[in-house]
Every structure is written in structure tokens, then in C-alpha cells.
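Chemist: With the first letter of the sequence shown counted as 1, position 130 gets the number 129 in numbering that gives the first Met the number 0; the numbers rise by one all the way through.
Just so you know, even glycine gets a beta-carbon here, dropped at the ideal spot from N, CA and C.
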Amino acid sequence: MIAAAAENNALGKDNDLVWHLPDDFKRFKKLTTGHAIIMGRKTYESFPSPLPNRKHIIITRQKDYKPADGCIVVNNIEAAIKEATDDEQPFIIGGGEIYKLALPFSDKIELTRVHGTFEADAYFPEINTKDWELVSEEHHEKDEKHNYSFTYLTYIRKE
């Protein structure tokens, strides 16, 4: 899974992020390029167009949903994961409901913790430290390009 979530686990509001962190966008692109990305329909629709060099797998309950050419549509998390079996490192990219559904299937979380609390309508699930081990942490202060400080956190599922 890959996500940016505030200290109160806020992900976004009205199908948009509530912060702008250019370095986090660059990291997202670097990590996900060349891989399958699994997302809900609303997350997919928040993009101006499909993201280049990624296999898009969209989960929706809509029976006749028609995304851009080349995107795969499924109706549950299990089917999405099955569509990504040819990729050793597919990424769950949101939104909130999809993260909750995918958590039991995930073995790694790349989380950008945005230091602040925000009003939101989508939230990242709570990370239970009994199940997850923090293996990497990299802090970034706010600066002229970033209105908030943030920390890249990498969690691995405990055996």
C-alpha cells in the first residue's frame, strides 16, 4: 500500500488531497512506475488521465463502468489482486475504503505521514503496531514548496 495521511489519518476531502507536497508526488511516481496500481473508482476519477507507465486496476460496484482504454475494471479486492499477480510489487493507492479492504492482503505500507490534522471524508486505516513493524523513517521539514512537514514511513507486516 502507498498513501499520504495526516496525523488523524485524513486522506482527503471531496475526492481531492487537502495538501500539496511535490516531493511526495515524486516519490509516489518513482515507487509506482512500472507497477500495477489498484484503486477505487473515485480515486481513479480524481486523476486528469491515467497515470503513465502503470497498469490501472479499478474496483467499482458499477456494472457497466467504462474507464479509459487499457484500464482493468473489477468489482472486489480479491479480483484486483488476481489481476496484479504478474507484478511482484503491485500498489494499493486508495481511497479510504479500498485501503481498509486491502489491509489484510498487504505486506508493506509506504506511508507519508503529513504532520497536521485535517478535516476529511476519507481516512487511512489505523496501523496496528502488533501487526506492523516500522523499518524506515525519513523526516522532511516544511519549506517554500511544502506547507507541512512530513515523514516517509515504511512498515512491513510482522511474521
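Whole angstroms are fine: how far does the CA of Ile80 sit from the CA of Ala4?
Modeler: Your numbering for residue 4 matches position 5 in the sequence shown. Your numbering for residue 80 matches position 81 in the sequence shown. One C-alpha to the other measures close to 23 Å.
Chemist: Nearest CA to the CA of Tyr122: which residue from Thr128, Phe104 and Val113?
Modeler: Along the sequence shown, one-based indexing puts residue 122 at 123. Tyr122 has its Cα closest to that of Val113, out of Thr128, Phe104 and Val113.
Chemist: Per DSSP, Val134 is paired with what?
Modeler: What you label residue 134 is simply residue 135 of the sequence shown in a count that begins at 1. Answer is none; Val134 lacks a bridge partner.
Chemist: CA-CA distance, Ile155 and Leu110?
Modeler: Numbered from 1 along the sequence shown, position 156 holds the residue referred to as residue 155. Numbered from 1 along the sequence shown, position 111 holds the residue referred to as residue 110. Answer to the nearest angstrom: the Cα atoms are 11 Å apart.
Chemist: Starting from Phe189, follow the alpha helix (DSSP H) in both directions and report where the run begins and ends.
Modeler: The structure shown does not extend to residue 189, since the chain spans only 0 to 158, so no value can be given for it.
Chemist: Suppose you measure from the CA of Asn8 to the CA of Glu96; what does that come to, to the nearest Å?
Modeler: Counting from one through the sequence shown, the residue named residue 8 turns up at place 9. Counting from one through the sequence shown, the residue named residue 96 turns up at place 97. Each residue's Cα considered, the two are about 13 Å apart.
Chemist: Checking 7 Å against the spacing of the C-beta atoms, do Ile56 and Arg40 come in under that value?
Modeler: Walking along the sequence shown from the start, residue 56 turns up at place 57. Walking along the sequence shown from the start, residue 40 turns up at place 41. Against a cut-off of 7 Å, the Cβ pair of Arg40 and Ile56 comes out as no contact.
Chemist: So, Ala35 versus Pro103, is the Cβ gap smaller than 7 Å?
Modeler: On the sequence shown, residue 35 is found 36 positions in, with the first residue counted as 1. On the sequence shown, residue 103 is found 104 positions in, with the first residue counted as 1. Their beta carbons are not under 7 Å apart, which means Ala35 does not touch Pro103 by this criterion.
Chemist: For a minimum of 4 consecutive residues, which ranges assigned as the alpha helix (DSSP H) are wholly contained in the segment 40-85?
Modeler: As far as the segment 40-85 is concerned, its whole alpha helix (DSSP H) runs of at least 4 residues are 40-44 and 76-82.
Chemist: Reducing DSSP to helix, strand and coil, say where Ile37 ends up.
Modeler: Along the sequence shown, one-based indexing puts residue 37 at 38. In this structure, Ile37 counts as strand in the three-state DSSP scheme.
Chemist: Alpha carbon to alpha carbon, how far is Thr31 from Glu140? Give it in angstroms, no decimals.
Modeler: Position 141 of the sequence shown, counted from the start, is the residue given in the question as residue 140. Position 32 of the sequence shown, counted from the start, is the residue given in the question as residue 31. In a straight line, the C-alpha of Glu140 is about 24 Å away from that of Thr31.
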